[in-house]
Ligand code: 9RB
Ligand code: ZN
């Protein structure tokens, strides 16, 4: 049993993404009927309830989030962008969009997004002080698509990036970000693209979102060359491909980099029932991947592994993926098992394809560019 921190707050469920029809903002005269935005509270509420009802919550160290300050946000974002989110979220009924047309700002979302980033900050602080070994912040809005100057793909502030800078401020200078959300962690990559003190590794569905982003040739620039890694797996990739990518790319990259802290952009939308991607992971896959990452953290950085919730939109399956993840993070199990395990067993047995193996090998070829000797900021 490890000491595992857990951050949650009801306000995370109050981030109001409005009446989009799934992804598309409602536009009745254009024939887009109002509905429920796909990034809504339901999956997250069900995750939290399952963590509680399973008994796991009682084994965690509950940590209260606070709002990230403007000074903390502007380590990552430009000041005018932070002010834009503030101004828009003060409008009655919220207002506008954070940048790409797919990132609604609800009333009060500025404060809620600051509470999300601040939840990660508090976990990183607790890990740096050895109050916890590892931790999970079940937050929304998500963050990994947000760049320094623009929101994107439902993301307002890049909480993971803010947490990485906070860790460095506390003296954890070498930070590795692993992102297994089904979509490319483009915002985090862009923020640290020329910075060799932050290694970003994204496993995602090739060509999914953002469009034309997250290819293996995106490998960092300038001093940061080699410190951005991408594994764009073909649609339909599942257990075998992700585990192979963990063994061939993620773990050796972490071993070479020797981080002081591992951050995880923890999306569950590579799960087999997810509506926003076409990957085939099961709760057992997330358990196995988590076991590997926990092992790397214990080997390299005193177990320090802090996860931020990102995507994951199947209200009925995501909670079992999240529970498996969190059980493994805490080094325990509960009486709750994946009720769909028998249904997904066939998916999980799908073997590695030559295409998957080829792209993983392409990413692995870039590993020698990672040096442990590069001085951190
Ligand atoms: C549409 C476009 C998307 C597609 C996927 C996401 C997933 C985010 C996530 C967000 C926005 C584009 C509907 C481009 O879960 N990240 O982790 N928007 N996609 N153009 N159009 C018309
Ligand atoms: Zn995603």
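Residue numbers (this note's numbering): -13 to 363. Don't be surprised by glycine CBs; every beta carbon is placed ideally from N, CA and C. Keep in mind the model is a prediction, meaning the values are calculated, not measured.
- [ ] Quick one: give me the first and last residue of the alpha helix (DSSP H) that residue 218 is part of.
- [x] Counting from one through the chain shown, the residue named residue 218 turns up at place 232. Unbroken run through residue 218 is the beta strand (DSSP E), 214 to 219; no alpha helix (DSSP H).
TODO: Could you have a look at residue 137 and say whether DSSP puts it in helix, strand or coil?
DONE: In the chain shown, residue 137 corresponds to position 151, counting from 1. Residue 137 falls in the coil class under three-state DSSP.
Open item on the list: Can you look up residue 255 in the DSSP assignment and give me helix, strand or coil?
Closed with: Residue numbering aside, residue 255 sits at position 269 when the chain shown is read from its first letter. Here residue 255 sits in coil by DSSP.
TODO: Could you tell me whether the stretch 293 to 310 touches the stretch 125 to 136, where touching means 3 or more Cβ pairs closer than 8 Å?
DONE: Flag = yes, the stretch 293 to 310 and the stretch 125 to 136 touch.
TODO: Report the rounded CA-to-CA distance for residue 83 versus residue 77, giving the unit in angstroms.
DONE: Locating residue 83 in the chain shown gives position 97, counting from the first residue. Locating residue 77 in the chain shown gives position 91, counting from the first residue. Cα-Cα distance, rounded: 12 Å.
Task: Residue burial classification, residue 441 (beta-carbon count within 10 angstroms, cutoff 16) - done: This structure leaves residue 441 out entirely; the chain is present only between -13 and 363.
TODO: Taking all protein chains shown into account, decide if residue 98 is buried (16 or more other Cβ within 10 angstroms of its Cβ) or exposed.
DONE: Taking the chain shown and counting its residues from 1, one reaches residue 98 at position 112. Its Cβ being crowded by 16 or more others within 10 Å, residue 98 is buried.
Open item on the list: Looking only at its chain, what residues have a beta carbon closer than 8 Å to the beta carbon of residue 289, apart from the 5 residues adjacent to it on each side?
Closed with: By 1-based counting over the chain shown, the position of residue 289 is 303. So the qualifying residues of the chain are -12, 119, 120, 280, 283.
Task: Beta-carbon gap between residue 21 and residue 6 smaller than 9 Å - done: Here residue 21 refers to the residue found at position 35 of the chain shown. Here residue 6 refers to the residue found at position 20 of the chain shown. With respect to residue 6, residue 21 sits close: the two C-beta atoms are nearer than 9 Å.
- [ ] Enumerate in chain order the residues of its own chain whose CB-to-CB distance from residue 362 is below 6 Å, with the five nearest sequence positions on each side excluded.
- [x] One-based indexing of the chain shown puts residue 362 at position 376. No answer about residue 362 holds up, because its pLDDT of 49 lies below 50 and its placement is not dependable.
Open item on the list: DSSP three-state label for residue 271, please.
Closed with: Position 285 of the chain shown holds residue 271. In the structure shown, residue 271 sits in a helix (DSSP, three-state: H, G or I).
Open item on the list: Would the stretch 168 to 181 count as touching the stretch 205 to 222 if we require 3 or more Cβ pairs under 8 Å?
Closed with: As far as the Cβ criterion goes, the stretch 168 to 181 touches the stretch 205 to 222, which means the pair count is three or higher.
Open item on the list: Between the alpha carbons of residue 199 and residue 70, how many angstroms are there, rounded?
Closed with: As a working note, residue 199 is residue 213 in the chain shown. As a working note, residue 70 is residue 84 in the chain shown. Between residue 199 and residue 70, the C-alpha separation is close to 26 Å.
Open item on the list: Closer than 8 Å to a non-hydrogen atom of ligand 1 - does that hold for the CB of residue 307?
Closed with: Position 321 of the chain shown, counted from the start, is the residue given in the question as residue 307. Checking the 8 Å criterion, the Cβ of residue 307 is out of range of every heavy atom belonging to ligand 1.
Open item on the list: So residue 37 and residue 250 are supposed to be a Cβ contact under 8 Å. How far apart are they, rounded?
Closed with: Locating residue 37 in the chain shown gives position 51, where the first residue counts as 1. Locating residue 250 in the chain shown gives position 264, where the first residue counts as 1. In fact, because the Cβ distance is near 17 Å, the residues do not count as touching under 8 Å.
- [ ] Express the C-alpha separation of residue 174 and residue 348 in angstroms, rounding to a whole number.
- [x] Within the chain shown, the letter at position 362 stands for residue 348. Within the chain shown, the letter at position 188 stands for residue 174. Rounded to the nearest angstrom, the two C-alpha atoms are 21 Å apart.
TODO: Kindly examine ligand 1 and report whether one of its heavy atoms sits closer than 8 Å to the Cβ of residue 80.
DONE: On the chain shown, residue 80 is found 94 positions in, with the first residue counted as 1. The closest heavy atom of ligand 1 lies 8 Å or more from the beta carbon of residue 80.
- [ ] Could you give the DSSP three-state label for residue 202: helix, strand or coil?
- [x] Taking the chain shown and counting its residues from 1, the one referred to as residue 202 is at position 216. Under the three-state reduction of DSSP, residue 202 is assigned to coil, being neither helix nor strand.
Task: Near ligand 1: residue 297 beta-carbon under 8 Å from a heavy atom - done: As a working mapping, residue 297 is identified with position 311 in the chain shown. Ligand 1 approaches residue 297 closely enough that one of its heavy atoms is under 8 Å from the residue's Cβ.
Open item on the list: Could you tell me the alpha carbon to alpha carbon distance between residue 274 and residue 15, rounded to whole angstroms?
Closed with: As a position in the chain shown, residue 274 is number 288, starting the count at 1. As a position in the chain shown, residue 15 is number 29, starting the count at 1. Distance from the CA of residue 274 to the CA of residue 15, rounded to the nearest whole angstrom, comes to 48 Å.
Task: Cβ-Cβ separation, residue 235 to residue 187 (assumed contact under 8 Å), whole Å - done: For the purposes of this step, residue 187 is taken as residue 201 along the chain shown, with counting starting at 1. For the purposes of this step, residue 235 is taken as residue 249 along the chain shown, with counting starting at 1. Yes, residue 187 and residue 235 are in contact; Cβ-Cβ is about 7 Å, under 8 Å.
Task: Selection from 209, 315, 219 that minimises the alpha carbon distance to residue 195 - done: Counted from its first residue, the chain shown places residue 195 at position 209. Residue 195 has its Cα closest to that of 219, out of 209, 315, 219.
Task: Limits of the unbroken beta strand (DSSP E) element including residue 295 - done: The count along the chain shown starts at 1 and reaches residue 295 at position 309. Counted as a single uninterrupted DSSP element, the beta strand (DSSP E) harbouring residue 295 occupies residues 291 to 295.
Open item on the list: Looking only at its chain, what residues have a beta carbon closer than 7 Å to the beta carbon of residue 357, apart from the 5 residues adjacent to it on each side?
Closed with: Taking the chain shown and counting its residues from 1, the one referred to as residue 357 is at position 371. There are no such residues.
- [ ] Quick one: using the 10 Å Cβ neighbour count with 16 as the cut-off for buried, is residue 115 buried or exposed?
- [x] Taking the chain shown and counting its residues from 1, one reaches residue 115 at position 129. So residue 115 counts as exposed.
Task: Length of the line joining the Cα atoms of residue 185 and residue 261 - done: Here residue 185 refers to the residue found at position 199 of the chain shown. Here residue 261 refers to the residue found at position 275 of the chain shown. If I take the Cα positions, the gap works out to 29 Å.
Open item on the list: I need the boundaries of the beta strand (DSSP E) containing residue 34, first residue and last residue.
Closed with: For the purposes of this step, residue 34 is taken as residue 48 along the chain shown, with counting starting at 1. Boundaries around residue 34 are those of the alpha helix (DSSP H), 28 to 39, since no beta strand (DSSP E) includes it.
TODO: Kindly examine ligand 1 and report whether one of its heavy atoms sits closer than 8 Å to the Cβ of residue 28.
DONE: By 1-based counting over the chain shown, the position of residue 28 is 42. Shortest gap from the CB of residue 28 to any heavy atom of ligand 1: 8 Å or more.
Task: Distance cut-off 8 Å: residue -3 Cβ against heavy atoms of ligand 1 - done: As a working mapping, residue -3 is identified with position 11 in the chain shown. Ligand 1 has no heavy atom closer than 8 Å to the beta-carbon of residue -3.
Open item on the list: Do residue 147 and residue 126 have their beta-carbon atoms positioned less than 9 Å apart in this structure?
Closed with: Here the question's residue 126 lines up with position 140 in the chain shown. Here the question's residue 147 lines up with position 161 in the chain shown. With contacts defined by Cβ atoms closer than 9 Å, residue 126 and residue 147 do not form a contacting pair.
- [ ] Can you tell me which of the three DSSP states residue 363 falls into?
- [x] What you label residue 363 is simply residue 377 of the chain shown in a count that begins at 1. Because the pLDDT at residue 363 is just 44, under 50, the model does not fix this residue reliably, and the point stays unresolved.
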